[in-house]
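To start, the structure under review is shown below, and the notes come after it.
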Amino acid sequence: MPAPFRAHLAQAVGCQTRPVGDRLANALQANGPADEPYLRELRASGYQLAAEGELPALSVTATVAAGRRDRIAGFRDQFNLAAGNSAADYVLFHDVGHYLPFEQPERFRALALDWLQRCRPAALA
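If you read the sequence shown in the working numbering, its first letter stands for residue 1, the second for the next number, and so on.
What follows is the structure in structure tokens.
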């Protein structure tokens with residue numbers, strides 16, 4: 001793992017294996033520099049977004065996925081998000097951190113495909 005990312009990923013990644021590290025390193029290196037002023041603002045607020053507490057009750061087909069080992073966003077806040085949506089599924093992965101698509105790509109793909117299938121209008125099904 002590139003040195004600038006090691007401390008963050010030690011906290012963020014639940015499934016710490018060589019293949020996961022390789023996928024994350026490739027993605028991080030492919031994405032260019034971060035928006036440091038924005039990140040400083042997020043860090044100063046404890047990563048809370050300005051409108052985070054103002055989310056209305058929803059009723060839209062959604063899947064909220066969280067990793068129990070996510071020490072960045074946490075999984076309890078994600079449950080509260082799902083609980084406010086009467087049509088949402090909440091999926092908690094016990095062995096995943098903050099980077100589900102990189103840590104468990106097959107499981108993420110299955111979850112995303114299931115969500116897309118449920119979102120299809122009946123006429124297209």
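Ideal placement from N, C-alpha and C gives every residue a C-beta, glycine not left out.
As DSSP reads the structure, Asn-85 sits in a beta bridge with Leu-58.
With respect to the C-alpha of Leu-58, the residue from Phe-93, Ser-86, Val-20 and Gly-74 having the closest C-alpha is Ser-86. Looking at Thr-17, Phe-79 and Arg-71, the one whose alpha-carbon comes closest to that of Ala-65 is Phe-79.
A direct Cα-to-Cα measurement between Gly-21 and Arg-40 gives close to 25 Å. Non-local C-beta neighbours of Arg-68 in its own chain, meaning closer than 8 Å and more than five positions away in sequence, comprise Gly-14, Phe-75, Leu-92, Phe-93, His-94, Asp-95 and Val-96, ordered along the chain. For the options Ser-45, Trp-115, Asp-35 and Glu-103, the alpha carbon positioned closest to that of Ala-25 is the one of Glu-103. Pairing Ala-82 with Ala-112 gives a Cβ-Cβ distance that is not under 9 Å.
A Cβ-Cβ distance of about 6 Å is found for the pair Ala-12 and Tyr-99, placing them in contact under the 8 Å criterion.
Beta-bridge partners assigned by DSSP to Ala-65: Val-91.
The three-state reading of DSSP puts Phe-102 in helix, counting H, G and I together. Judged by their CB atoms, Gln-16 and Ala-10 are nearer to each other than the 9 Å cut-off. Nearest Cα to Ala-88 within the set Arg-118, Ala-73 and Arg-109: Arg-118.
Cys-15 carries a coil assignment under DSSP once its states are collapsed to helix, strand and coil.
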